[in-house]
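Visitor: Counting from 187, one number per residue, gives the positions in the sequence shown under our numbering.
Please read through the structure below; I'll follow up with questions.
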Amino acid sequence: MAGQFEARGHDPLVVNLDRPPESFDPAAFAFVVVAASVHFGDHSDVARSFVAEHLETLETTPSAFISVSGAAAEPDGEGHSTAVECRDTFLSEVAWSPDRRLCVGGSIRYPEYGLLKRLLMRYKMGQDGKPTDTSREYERTDWAALNEFSESIAAELARSD
Ligand SMILES: Cc1cc2nc3c(=O)[nH]c(=O)nc-3n(C[C@H](O)[C@H](O)[C@H](O)COP(=O)(O)O)c2cc1C
């Protein structure tokens, strides 16, 4: 996404919410995109804390929330509605109404997980009839949806320039 904004002449900053730079202030930006993945039915505590800490800025600055999950990668409607429900529950719990919201599938990176996480994921994936070979990654990210989402934000920024 950052590449798309750069290509349009913007100066994006990608911040890992686990380790935000000390001086980071989202109020300094024209648009704020928060992306968080779903683990065991919920988004991370760091995403929750970030939104709580910067809620006023997020409510007054154009903003977007991207919820990344396995459910969103499912081709059937049930996975999508589960993903939407999880995203919207999070947003209502943190009392944030971003201008844009997206649910997008994410990849499963078995080799990167520690033993417990890998075993839990293999069990969960097996239950759902999904790939369980823990020696490889399963790329399920919907890059086209992400590109389209970024393009619509870039177009909005171009209009407001
Ligand atoms: C430990 C773990 C638990 C997960 N639990 C869920 C879940 O409850 N629902 C879901 O839709 N996806 C679930 N996923 C899939 C992730 O949301 C998806 O793989 C995402 O891309 C992971 O992003 P990450 O790189 O931040 O871990 C889980 C993934 C992991 C590794």
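Every residue gets a Cβ at the ideal spot worked out from N, C-alpha and C, and that includes glycine.
(1) I believe Ala357 touches Leu199 by the beta-carbon criterion, under 8 angstroms. Please report the beta-carbon distance rounded to the nearest angstrom.
(2) Can you give me the Cβ contacts of Cys289 inside the same chain, cut-off strictly under 6 angstroms, excluding the 5 residues immediately before and after it?
(3) For a minimum of 3 consecutive residues, which ranges assigned as the beta strand (DSSP E) are wholly contained in the region 218-247?
(4) Please name the residue in Ala188, Met187, His196 and Gly189 whose C-alpha comes closest to that of Ala344.
(5) Taking the straight line between their C-alpha atoms, what separation do you get for Pro317 and Asp347?
(6) Arg304 and Thr320 look like a contact to me (Cβ under 8 angstroms); what is the Cβ gap, rounded to whole Å?
(7) Please list the segments of the alpha helix (DSSP H) lying wholly inside the region 248-314, counting only runs of 4 or more residues, in order along the chain.
Guide: This is what the structure holds:
(1) Given that the chain is displayed from residue 187 to residue 347, the structure contains no residue 357 and the question cannot be resolved.
(2) Ser253, Ala258, Ala269, Val270 and Arg273
(3) Unbroken beta strand (DSSP E) stretches of 3 residues or longer found wholly inside the region 218-247: 218-225, given in chain order.
(4) His196
(5) 46 angstroms
(6) Right, their Cβ atoms sit about 5 angstroms apart.
(7) DSSP runs (the alpha helix (DSSP H)) wholly in the region 248-314: 263-280 and 301-313.
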